[in-house]
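Residue numbers (my numbering), protein chains in the order written: chain A, 10 to 296; chain B, 104 to 579; chain C, 4 to 472.
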């Protein structure tokens, strides 16, 4: 990112106040700098803001951990004038796009707060849900998660990262789901080693993701390792920990993206599954 | 493999729509074959060709809807039914200039955006019908309106508790839910503090002090001014307290109220003591918001601090009485509580002799105009009068920032403050606002100070300063 | 103990009613908000509305009532003679549209239709004689609605007339309506010239028996399905019935050809009569509506409107929760377009049971489905859409059978909630024909009318009163 303040990329017709994720607070509140439009749809625009990819999305799109949500829906065509490769500006609490000036008025935390949960309750919540999606073999992940092996987990992740089509390949979403659930549910269930396991792989996993997949996807894995996820995934994690309806939040998560939601959900279920199994191993039985 | 053939007599859909539905069905995991069509001879033939059992369709005719699904599991069949319902029922809002008239009731408005909170500020006598409908349709309610009969308040709140819905109000001026301010509210960063408050400005002052200490507030659930009365019995306060206690994102809970009915206060204190989350109870008349904020900071492990102030030199003001011109009732009460030990009795009515602290947000002064947090006319008028009144030595006033409040209060106040100071009066401002507030708190403070006022973020501190100024010159 | 997680775990989505400032401040914080254009309820209804809300039974009662209304499956099963199906109908009984009425208060078209029916039944020698006899009380007048029946405009039903029998394929209800005579000089518009009486005689001599036989051999005919299709072909079910009549003729055509013993000439006449009358199906759509609304009647505490009907003098409304009680107000004038040289000075106030279509989500409520008649009812296609959309504000459900393509196949607004009418001041929109006010004139135009709010206000008051009984 360029350090100095820059002019708005274009005259902005529409000025809106928006809600942004705490995970991108630093880049959004830093002095204004240039950003590049990586792509977009009717619901969202992806910006390369140097240190991070941030996504400006409509209120009817999924809230992402690197997202800025504007109070307009896609039907009003807010991103009509934004073009791929165009310059944008991010900073001082604002995002300037062609035709649109966004000021962040409020922040949300993409890390869901979970209540304490017993492994027994966790098991009842997930026992009926699938822990893999078609084309992904969960076995290596399951083995290393259950064993608490950082090296095994990294090896399994390596074979998954970057796999599949799209901005966030399916394999990445699966890994992100595993990372976020291990972090969040591991803490909520007071698991003996889950949090340590995720701490141990945090740095190598993030750098591996940066090498093997898209910047956008690697960012999402970085947030996931810290427990930050898209809003529907957060709701699913909360439900697994006993706050909210598991079936309902699972279905809502499956509806996210083309393959993202199902892969994220499956990763989370697998991680929860392994937390239960390894907990039982560790303590020699169920709670 | 399970096959299911159903006839829905007299249920007509256009063939294009039905083909779309068939296609959607075939996309359901576990479904191997599906046909959704009107039961015409052609379609019945198709059904036979697909190998379905034809017994169920023996009496079907072209006006009947035919549904046939073959799937691996019952779950897949159920999923297919769900998908079919989805495909054949309207759910897209028409676009392209086909907008209807605006919704006429709050629930109709809520249907348009799937709202889970209905915010009412209709005249009090009409609030009950709107609120009850919101509750019946599963929505939480905030009633900004006052003048709602107390039996209606109790009915609403009891219904809310029975249906896991929160009724904030009536006469609830301020709430924050997940960082979103409703009514008069200050901009807060997300945090781990949750509040329950029967006082709007009490919540705002607490937000302001915590924000100054770098602490965020996630929820501030307003309950309305009468919740802690004998008649209402803290229904909403107890409900909100229990909910915050169970919210894993909340580390400290604060309960704020004007002086409650004693028996009710005891019940609230007992409930607070039973919470697993630490609860700070701040009942006006027993303690100050400033002290309550201090307890919160201590529980969070944040170092105690002196809250922000922008002081002007004004020790040479003329001697005289202290006039308090407030827009927030709770701020007035707290200031009185703080200043009375030094000054003795302080009147609450304009006609009272001696020092007076008046709440200009009271009904008496708001008839036919907006609340003084928005419309400062009456207070500016009284400020000018106090400046011209040689018997007044010190003027204390609150300025409440945040969403819903006057967009630039200092711009209107500065000329009058300058005149008051020029006339020899001392002016002390209790500035209730956060750094994120849309009015730009620090700029407001700078301008008020430049006009000659001393500005304090803590209302209690402002009251102490005003009392000090008043006593110094009186005794001098 | 509740944890309010549905409120606390995500950003609230807010709808407002009242001060604009509260909505604006939500938008300032980056959230969307939905605003109600709220206004106080109709004066005098406040206490009743509060009583109903506090009582708490109304929402469930309404849900029961609207479910009953929409689960009816009207089937046309037969055509029979009125005196045979109405047990309490004497030779001197005439049914009429709308709420109860006496000759003294009857409007021009109603008097004209009564005179015509008396001539047709041989109860009078000439029009003056008929009027004199009716004035002397020789005729027993009774609303169609008191007998499970409906009739358009004057709705006059006499013992010899053929009536359609509509039965519920999903229940045991039955409803009746006269058969439609066509447009122009017809009894229902108050005409009683010899040609009118001749047509009525042909209807009981040929049309009724032939259709009855055809239905008994080739029926029943699922009316809901025909109406649902017709809405997707440009009908509203009240002022436009061209599509549904075509569908009906297509359905009955086969049995008309080979399903009856009637002489070929008669079958030909019946075919030509239906083919030449775009409104033939109106009466049958009305009977289907009556069947549905009757099924919804009698649910305690329900504010569902089960009847809206006019007799040319009064506009009457009944609610599900208030039983047989009528709530009446003066029938309003129609805002219409006029035929030939007729003007609004020639028009009678609003008349007819055909508002039963609006009562069940058709007619004015389905206006968006009928762009072909928007000019006829004084507007543009966009205006027709707005008219239908406005009705969602005062209805309980979106119809599960009747859908509007233009609105992305949204179900028509169905089941008027009298409480919503008085709360919002949004009045039921009615498409209607206009009768001439001088007896014997016939049809003079067509247009739009709004149901008078006083009926709904009285109804809500009575409903609130019924709670403590």
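Every residue gets a Cβ at the ideal spot worked out from N, C-alpha and C, and that includes glycine.
Could you give the uninterrupted runs of the beta strand (DSSP E) lying entirely in the region 213-260 of chain B, keeping only those of 3 residues or more? 220-223, 243-246
Beta-carbon proximity list for residue 197 (chain B), same chain, < 6 Å, skipping 5 on both sides: Unreliable placement is indicated for residue 197 (chain B), whose pLDDT of 45 sits below 50; no coordinate value is reported for it.
C-beta contact flag for residue 15 (chain C) and residue 220 (chain B) at 7 Å: yes
Determine the chain A residues that contact residue 283 (chain B) at a beta-carbon separation under 9 Å, and present them in chain order. 28, 115
Check for me: the alpha helix (DSSP H) holding residue 205 (chain C) runs from which residue to which? 197-205
Whole-angstrom C-beta distance between residue 531 (chain B) and residue 495 (chain B), which should lie under 8 Å: With 8 Å as the limit, residue 495 (chain B) and residue 531 (chain B) do not qualify as a contact, their Cβ atoms being about 13 Å apart.
Do the region 77-86 of chain A and the region 122-142 of chain A meet, that is, are 3 or more Cβ pairs less than 8 Å apart? no
Mind checking if residue 110 (chain C) is an interface residue toward chain B, Cβ cutoff 7 Å exclusive? no
Can you give the Cα-Cα distance for residue 424 (chain B) and residue 265 (chain B), rounded to whole angstroms? 52 Å
Distance, Cα to Cα, residue 356 (chain C) vs residue 146 (chain C)? 10 Å
At a CB distance below 8 Å, what residues from the region 240-255 of chain A approach chain C? Give them in sequence order. 240, 244, 247, 252, 253
Name the chain C residues that come within less than 7 Å of residue 80 (chain A), Cβ to Cβ? 30, 33, 34, 35
Under 7 Å, do residue 134 (chain B) and residue 183 (chain B) count as touching if we go by C-beta distance? yes
Name the residues in the region 352-364 of chain B whose C-beta lies less than 9 Å from a C-beta of chain A; which are they? 352, 353
Same chain, Cβ closer than 6 Å to residue 111 (chain B), neighbours up to 5 away in sequence not counted: 168
For residue 324 (chain B) and residue 56 (chain A), what's the separation of their Cα atoms in angstroms? 36 Å
Grab the span of the alpha helix (DSSP H) containing residue 314 (chain B) for me, first residue to last. 303-315
6 Å CB neighbourhood of residue 387 (chain C) in its chain, flanking five on each side removed: 370, 371, 377
Suppose you measure from the CA of residue 492 (chain B) to the CA of residue 526 (chain B); what does that come to, to the nearest Å? 9 Å
Quick check on residue 198 (chain B): does DSSP put it in helix, strand or coil? With a pLDDT of 46 at residue 198 (chain B), under the threshold of 50, the modelled position of that residue is not reliable, and no figure is offered here.
Chain C contacts from the region 492-508 of chain B (Cβ-Cβ distance under 8 Å): 506, 507
By the DSSP assignment, the beta strand (DSSP E) with residue 426 (chain B) in it spans what residues? 424-429
Do the region 442-460 of chain C and the region 423-433 of chain C meet, that is, are 3 or more Cβ pairs less than 8 Å apart? yes
Give me the DSSP bridge partner(s) of residue 303 (chain A). Residue numbering for chain A in the displayed model covers 10 to 296; residue 303 (chain A) lies beyond these limits and cannot be assessed.
Quick one: which unbroken beta strand (DSSP E) runs of 3-plus residues sit fully inside the region 381-412 of chain B? Chain order, please. 382-386
Decide yes or no for the touch test of the region 210-219 of chain C against the region 229-240 of chain C: beta carbon pairs closer than 8 Å, at least 3 of them. no
How would you list, in chain order, the residues of chain C whose beta-carbon sits under 8 Å from the beta-carbon of residue 83 (chain A)? Result: empty, since nearest Cβ-Cβ is about 12 Å, beyond 8 Å.
I want to verify the contact list: residues of chain A whose CB lies under 7 Å from the CB of residue 292 (chain B), in sequence order. 116
From residue 155 (chain B) to residue 363 (chain C), what distance separates their C-alpha atoms? 37 Å
Beta carbons nearer than 9 Å to chain F: which residues of the region 123-139 of chain A have them? The structure shown contains no chain F; the protein chains it does contain are A, B and C.
Is the region 436-451 of chain C close to the region 336-355 of chain C, with three or more CB pairs under 8 Å? yes
To the nearest angstrom, how far is it from the Cα of residue 155 (chain A) to the Cα of residue 395 (chain B)? 47 Å
By DSSP, does residue 44 (chain C) sit in helix, in strand, or in coil? coil
Can you find at least 3 beta carbon pairs, one from the region 204-211 of chain A and one from the region 169-183 of chain A, that sit closer than 8 Å? no
Assuming the contact rule is C-beta atoms closer than 8 Å, residue 244 (chain C) and residue 288 (chain C) should be a hit. Round their C-beta distance to whole Å, please. 7 Å
Within the region 292-336 of chain C, ranges of the beta strand (DSSP E) (whole runs, at least 3 residues): 308-314, 317-322, 330-333
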